[in-house]
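Chains as they are written, first to last, in this note's numbering: chain A, 1 to 278; chain B, 279 to 556.
The next block holds one structure in the form of structure tokens; read it before the comments.
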């Protein structure tokens with residue numbers, strides 16, 4: 001029986017209006033996404049400051065700890081208490097995190113939008129990951145792209161955020177936006193942990209508006225999600241890591257177009273759905 | 279008389295071709311940007327690993343040290359030796375960096391594409407920055423947007439990179455791309471340092487394809503560049519920091535459209551150039 005952590009449900013506005021002057025010299029207002037620092041303390045020890053939109057800070061912190069491999073199981077976390085008045089997330093673990101100093105010492109500045117401090121040796125761990133068998137049909141892929149197109153979002157109202165989503169087939173389970181897309185995927189990881197043991201990644205598809213960097217690929221694999229779809233492209237490290245993992249990466253996915261970069265055996269192609277060549 | 283560091287000129291391919299499968303089920307190739315780890319050693323001590331396209335690694339490392347405030351003057355650096363065979367940049371300083379352990383201890387995961395490990399207290403330093411008086415006319419702004427449009431780029435051939443450029447008025451001095459835009463701006467910072475004392479930022483304009491995050495604003499201010507232009511939007515922290523600095527931020531700059539978010543007094547508006555409202 002898994003004990004789930006106690007979480008606050010801290011909320012804060014996701015957009016704000018600012019004054020602007022346009023090319024006609026006219027004053028107006030524009031909506032921009034919120035962006036606030038959230039300093040994470042683990043058992044009263046300062047760990048990191050995350051800059052976030054702030055939609056789901058507790059899931060974000062839980063997913064951050066998970067994806068950084070600082071916590072191995074959700075029941076190690078007793079509570080996460082977020083207070084936006086002071087910009088602090090206080091994490092209480094049941095038994096402490098072993099060797100936390102040592103495990104957060106290595107610093108890699110990654111390519112992906114934002115992350116940067118991927119602690120430790122995530123790259124070394126990819127050899128240990130075995131992704132479940134799973135496939136996606138071209139029809140389901142088009143369903144995913146269409147669901148994203150229809151989704152109401154901070155991006156539509158304010159721009160300047162990345163969106164990520166978790167799908168089962170073409171059914172959207174969760175849609176998350178953040179000013180850094182690493183936050184968005186960490187938030188999904190945190191949410192998934194809270195659904196366990198009901199939730200595993202094997203029949204899931206991860207969607208991101210951002211590039212398929214090595215970091216996004218690794219995080220998806222860590223969550224056990226073997227298929228990743230993006231409207232953007234792929235980086236070389238993302239391509240290499242996905243190839244090693246046997247993870248299916250699909251990019252440039254807009255309307256009926258896409259490119260499958262790796263793991264094409266997971267894609268059930270239905271070229272008849274693609275229409276006619278332009 | 280300033281002593282400039284000795285730099286290698288390490289080169290490596292900027293794109294590679296990968297196999298893809300498209301929506302018609304047909305195999306082909308696509309070009310993607312290179313992305314390689316560069317581990318920076320300062321006086322034989324490992325500092326950080328940067329993931330980079332690799333176009334100008336020596337300027338990147340120099341600018342990284344500058345923007346992280348680890349080196350206060352270019353003549354503190356004796357040499358930077360990059361060897362792509364091993365993915366290493368060896369920095370030799372003339373007299374060592376004081377308290378380097380302490381100064382690289384604080385960790386902030388930023389929003390911007392990639393940076394993440396902005397060491398130390400950059401945010402605390404913004405109060406000490408005084409930006410020079412400088413203005414930009416709307417005609418020059420349009421010249422900048424047009425120069426970027428015409429620029430040959432890895433982005434055009436392979437996508438998935440950010441571009442940054444340094445302008446004097448509408449004259450492009452340097453155009454840099456990287457898989458992380460923090461790398462692109464650091465590369466510009468490194469290059470500017472090598473031009474000093476001829477080069478100061480006061481009459482310069484910084485252009486970025488990416489969002490105007492607090493990090494981009496701070497880095498521009500650190501280089502003494504008081505005007506920043508982007509084709510993308512602005513984040514809340516970017517807006518706040520730019521406001522405090524009196525830095526001019528212009529976003530959504532495409533064709534003849536733009537929005538000025540802060541520092542509009544630096545913009546010489548010429549609404550007649552904007553054409554007619556759509």
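Positions of the beta carbon are idealized from the N, C-alpha and C atoms, including for glycine.
- Annotation for residue 290/B: 332, 362 place their beta carbon closer than 6 Å to its own, counting only its chain and skipping 5 residues before and after.
- At a C-beta separation below 7 Å, residue 236/A has these neighbours in chain B: 294, 310, 311, 312, 313.
- Contact annotation for residue 517/B against chain A: 18, 32 [CB-CB distance below 7 Å, chain order].
- For residue 226/A, there are no C-beta contacts with chain B under 7 Å, since the nearest C-beta of that chain is about 17 Å from it.
- The Cβ of residue 405/B sits no closer than 9 Å to any Cβ of chain A.
- In the DSSP assignment, residue 521/B falls within the unbroken alpha helix (DSSP H) covering 514-523.
- Looking at the backbone, the Cα of residue 314/B and that of residue 26/A are separated by about 45 Å.
- Residue pairing for residue 370/B: DSSP places it in a beta bridge opposite 357/B.
- Chain-ordered, the chain A residues with CB closer than 7 Å to the CB of residue 538/B read 20, 21.
- If you ignore the 5 residues before and after residue 57/A, its C-beta comes within less than 7 Å of the C-beta of 10, 38, 82, 89, all in its own chain and listed in chain order.
- Straight across, the Cα-Cα distance linking residue 181/A with residue 52/A is about 10 Å.
- Put simply, the CB of residue 216/A is far from chain B, with every gap to its CB atoms at 9 Å or more.
- An exposed status is given to residue 295/B, since fewer than 16 other beta-carbon atoms sit within 10 Å of its beta-carbon.
- Runs of the alpha helix (DSSP H) spanning 4 or more residues and lying entirely within the segment 412-485 of chain B occur at 416-428, 432-436, 459-473, in chain order.
- Taking the CA atoms as reference points, residue 301/B sits about 6 Å from residue 271/A.
- DSSP, read as helix, strand or coil, puts residue 297/B in strand.
- Chain A places a beta carbon closer than 9 Å to that of residue 436/B, counting this residue as a contact.
- Identification of chain B residues near residue 24/A by a Cβ-Cβ cut-off of 8 Å yields 549, 552, 555, ordered along the chain.
- Interface flag for residue 418/B against chain A is unset, since no Cβ pair is found closer than 9 Å.
- Shown here, residue 324/B sits in a strand according to DSSP, grouped into three states.
- A Cβ-Cβ separation of about 7 Å places residue 425/B in contact with residue 448/B under the 8 Å criterion.
- Distance from the CA atom of residue 358/B to the CA atom of residue 491/B, rounded to whole angstroms, is 29 Å.
- The DSSP-derived three-state label of residue 37/A is strand.
- Assignment of beta-bridge partners to residue 31/A by DSSP yields 17/A.
- For residue 218/A, the uninterrupted alpha helix (DSSP H) run begins and ends at 214-222, by DSSP.
- Judged by beta-carbon spacing, residue 50/A lies beyond the 9 Å limit of residue 34/A, meaning their Cβ atoms are not closer than that value.
- Interface annotation, residue 256/A: in contact with chain B, CB-CB separation under 9 Å.
- C-alpha of residue 95/A to C-alpha of residue 191/A: approximately 22 Å in a straight line.
- Excluding its 5 nearest sequence neighbours in each direction, residue 495/B has C-beta neighbours in its own chain below 8 Å: 506, 516, 519, 520, 523, 525, 527, listed in chain order.
- Using a Cβ-Cβ cut-off of 9 Å, residue 211/A counts as an interface residue toward chain B, since at least one Cβ of chain B sits closer than that to its own.
- With fewer than 16 other Cβ atoms inside 10 Å of its own Cβ, residue 435/B counts as exposed.
- By the neighbour-count definition (other C-beta atoms within 10 Å, threshold 16), residue 73/A is an exposed residue.
- Using a 10 angstroms sphere on the CB of residue 488/B, the tally of other CB atoms reaches 16 or more, which defines it as buried.
- In this model, residue 5/A and residue 177/A are separated by some 23 Å (Cα to Cα).
- Residue state for residue 352/B is assigned as helix, using DSSP reduced to three classes.
- In the assembly as shown, residue 428/B is an exposed residue. Its beta-carbon has fewer than 16 other beta-carbons within 10 Å.
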